[in-house]
Amino acid sequence: MEKFSELIAKRRSMRKFTSEPLTADEVQLLLRSALISPTSKHTNGWQFIAVDDREILDKLADCKSNGATFLKEAPFAVVVLGDTEVTDAWIEDCAIAAIMMQLQAEDLGLGSCWAHFRNRFTADGTPSRDAICELLSVPAPYEPLCVIAFGHKGMERKLFDEDRLQWEKVHINSFDNSRE
Ligand SMILES: Cc1cc2nc3c(=O)[nH]c(=O)nc-3n(C[C@H](O)[C@H](O)[C@H](O)COP(=O)(O)O)c2cc1C
0 MEKFSELIAK RRSMRKFTSE PLTADEVQLL LRSALISPTS KHTNGWQFIA
50 VDDREILDKL ADCKSNGATF LKEAPFAVVV LGDTEVTDAW IEDCAIAAIM
100 MQLQAEDLGL GSCWAHFRNR FTADGTPSRD AICELLSVPA PYEPLCVIAF
150 GHKGMERKLF DEDRLQWEKV HINSFDNSRE
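Sequential numbering from 0 applies to the sequence shown in my numbering.
In structure tokens:
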């Protein structure tokens, strides 16, 4: 693995993918990274649906009105669901698992992008969560947070621009910097 400090600058959202499928080992490593993630009170309040079926990936893209069309190009995606009964921190648990998969993808040289579905709607105004739960037969009490698309990178992206780091958002000892 390259240095973690370099890996996190290299990970940029990838919305263009080649048609090359992921290997079984790559898929396993991505899912392992989700299952290894830390959770509140170790409740593991998530479930993951691995999707490599072209028709389902295309239908997932339509589960929200915009911002998910890249799923129509991605050869693989993971739907991240929270268990709303076992933990009140399911959003946090799911978000951490999602970014763990994105970082694992970068380490494998793969691209990834988050498609957000919580509190989103389809083009006809149906809640995205209803559309996803119906499409993938998701029972209560599971709630979709996001779908992470994965694939071989279809374009170059620049490293994160260090000049854009908002150091002014960091406060030392108190929010009120005038007290320094
Ligand atoms: C909570 C969250 C929701 C996001 N939702 C979407 C989305 O629905 N569609 C999309 O194209 N990108 C989505 N993104 C990706 C962001 O747009 C992207 O991470 C951000 O613009 C920074 O760009 P970078 O990832 O290339 O550094 C989401 C990212 C996060 C963390």
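All C-beta atoms in this analysis are idealised placements derived from N, C-alpha and C, irrespective of residue type, glycine included.
With 16 other Cβ atoms within 10 Å as the buried cut-off, status of residue i
i: E167; result: exposed
i: Q27; result: exposed
i: R128; result: buried
i: Q165; result: exposed
i: I131; result: buried
Cβ neighbours of residue i in the same chain (closer than 7 Å, five flanking residues each side left out)
i: T57; result: Going by the sequence as given, residue 57 is Asp instead of Thr. Here the set comprises K71.
i: Q103; result: L28, L29, S32
i: A73; result: F16, L56, A148, F149, G150
i: E105; result: L6, K9, R10
Own chain partners of residue i with C-beta closer than 6 Å, once the 5 adjacent residues on each side are dropped
i: E5; result: none
i: H115; result: C145
i: A88; result: S39
i: V169; result: none
i: K157; result: none
i: F69; result: R14, C112, A148
i: C93; result: W45, V79, G81, L144
Residue i versus residue j - alpha carbon distance
i: T38; j: E91; result: 8 Å
i: L107; j: G124; result: 37 Å
i: D160; j: D24; result: 32 Å
i: A67; j: V85; result: 29 Å
i: F16; j: G81; result: 27 Å
i: S18; j: D51; result: 12 Å
i: W45; j: I7; result: 24 Å
i: Q101; j: W113; result: 8 Å
i: M183; j: G110; result: Residue numbering for the chain in the displayed model covers 0 to 179; residue 183 lies beyond these limits and cannot be assessed.
i: T83; j: M99; result: 21 Å
i: S173; j: M154; result: 42 Å
i: A122; j: R53; result: 21 Å
i: I171; j: E1; result: 30 Å
Same chain only: Cβ atoms within 8 Å of residue i, ignoring 5 sequence neighbours per side
i: F120; result: K63, S64, P126, S127
Distance between beta carbons of residue j and residue i, contact taken as under 8 Å
i: R117; j: P143; result: 7 Å
i: A96; j: V79; result: 6 Å
i: V77; j: I48; result: 7 Å
i: F75; j: L21; result: 5 Å
Item to check | Nearest-residue set for ligand 1, Cβ under 5 Å from any heavy atom | outcome: R11, S12, G66, W113, A114, H115
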